[in-house]
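Visitor: In the numbering used here, each number is its position in the sequence shown, counted from 1, plus 14.
Glycine included, C-beta positions come from ideal geometry on N, C-alpha and C.
In this text, all values refer to a predicted model and were calculated from it rather than measured experimentally.
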Amino acid sequence: MFRRSILPLAKNLINLDYRLITLDRYKDVMFHLRDMSAQTDPLNKTICECIRKGGDEFVEYFTYKTLNDELSLMALNSQGNIVGIVLNGVANPEYLQDLKNCLAKIRDSHLQSILQLQLEENMKNNIFDLCKTRKVFETRLLSVDSRNYNGRIMGKQLIRLSEIVAGNKDHKVMKADATGNFSQKIFSYCGFKCLNEVPYNNYSKKDDNSIKLRNLPHSKYQLLYKLLR
């Protein structure tokens with residue numbers, strides 16, 4: 015059984031505490047995402063812009079629903095402020111259908127384009143059939159304050175601890191949709207394998223080519239996974 019008390023003891027070279035995120039920190043998580051304008055990974059940057067514009071119902075729904083799984087982690091500085099998060103949730107075929115139903119309701123066209131690509135690749139590359147499982151531990155968003163801290167160290171630690179959480183919850187597979195160079199390097203370092211990748215230059219919606227125009231210097235999307243057993 016996973017104990018919450020384990021994570022506060024986790025430290026790394028930049029002296030941060032790592033804890034499971036509880037729903038009472040929801041507003042703090044949203045504030046962190048809004049303030050991370052320096053991040054360049056396409057999904058992170060787009061979510062930041064959505065929140066700064068006044069929010070998007072999908073972003074709020076997505077964040078709250080993910081936190082409700084009680085699998086997400088935060089890095090706290092000595093003042094108790096959130097300086098990094100990884101949003102983790104349980105994905106299954108029903109979750110993909112829920113995402114599909116939400117796409118049409120997303121107001122921001124750039125966010126809609128990125129999530130449409132993710133959905134298409136997840137539908138084509140069925141991780142559930144491939145790994146013979148009905149559920150996977152999904153890392154949905156990795157966000158760190160790289161302006162004031164070593165983002166690579168923090169990112170690696172958040173993913174390593176997520177793997178501990180996944181194992182303690184008896185998950186056999188972890189997966190991630192990585193939209194930019196930073197997260198792709200972190201996942202690769204932590205032992206994730208690439209199931210499929212799509213160069214942004216090869217992808218555009220029929221009525222919108224915003225993905226390939228906005229994502230420089232990021233060149234591709236990757237669907238990644240890691241077997242835990």
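For a test of the three-state rule: what should DSSP assign to SER197, helix, strand or coil?
Guide: Taking the sequence shown and counting its residues from 1, the one referred to as residue 197 is at position 183. In the structure shown, SER197 sits in a helix (DSSP, three-state: H, G or I).
Visitor: Thinking just about the alpha-carbon of each residue, which of VAL100, ASP49, LYS149 and PHE201 is nearest to the one in ASP184?
Guide: The count along the sequence shown starts at 1 and reaches residue 184 at position 170. That would be LYS149, whose Cα lies nearest to the Cα of ASP184.
Visitor: Pick helix, strand or coil for LEU30, following the three-state DSSP scheme.
Guide: Taking the first residue of the sequence shown as position 1, residue 30 is located at position 16. Coil.
Visitor: Which of the three DSSP states, helix, strand or coil, is assigned to GLU63?
Guide: Numbered from 1 along the sequence shown, position 49 holds the residue referred to as residue 63. Helix, per DSSP.
Visitor: In this structure, what does DSSP give as the bridge partners for CYS208?
Guide: On the sequence shown, residue 208 is found 194 positions in, with the first residue counted as 1. Beta-bridge pairing links CYS208 to LEU238.
Visitor: For LYS79, which residues of its own chain have a beta-carbon under 8 Å away from its beta-carbon, when the five flanking residues on both sides are left out?
Guide: Numbered from 1 along the sequence shown, position 65 holds the residue referred to as residue 79. Taken in chain order, the residues that qualify are GLY103.
Visitor: Out of TYR214, GLY165, MET44 and LEU30, point me to the one whose CA is closest to GLN130's CA.
Guide: Position 116 of the sequence shown, counted from the first residue, corresponds to residue 130. Selected option, being the one with the closest Cα: TYR214.
Visitor: Are the CB atoms of ASN82 and THR193 within a distance shorter than 9 Å?
Guide: Counting from 1 along the sequence shown, the entry for residue 193 is found at position 179. Counting from 1 along the sequence shown, the entry for residue 82 is found at position 68. No, Cβ-Cβ distance for THR193 and ASN82 is not below 9 Å.
Visitor: Return the CA-CA distance between SER233 and SER127, expressed in angstroms with no decimal places.
Guide: Within the sequence shown, residue 233 is the residue found at index 219, counting from 1. Within the sequence shown, residue 127 is the residue found at index 113, counting from 1. About 15 Å.
Visitor: Which two residues bound the contiguous alpha helix (DSSP H) that contains LEU85?
Guide: On the sequence shown, position 71 is the one that residue 85 refers to. Where LEU85 is concerned, there is no enclosing alpha helix (DSSP H), given that its DSSP letter is neither H nor E.
Visitor: Skipping 5 residues on each side, what residues in its chain have a beta carbon closer than 6 Å to that of GLY165?
Guide: As a working note, residue 165 is residue 151 in the sequence shown. Taken in chain order, the residues that qualify are VAL158.
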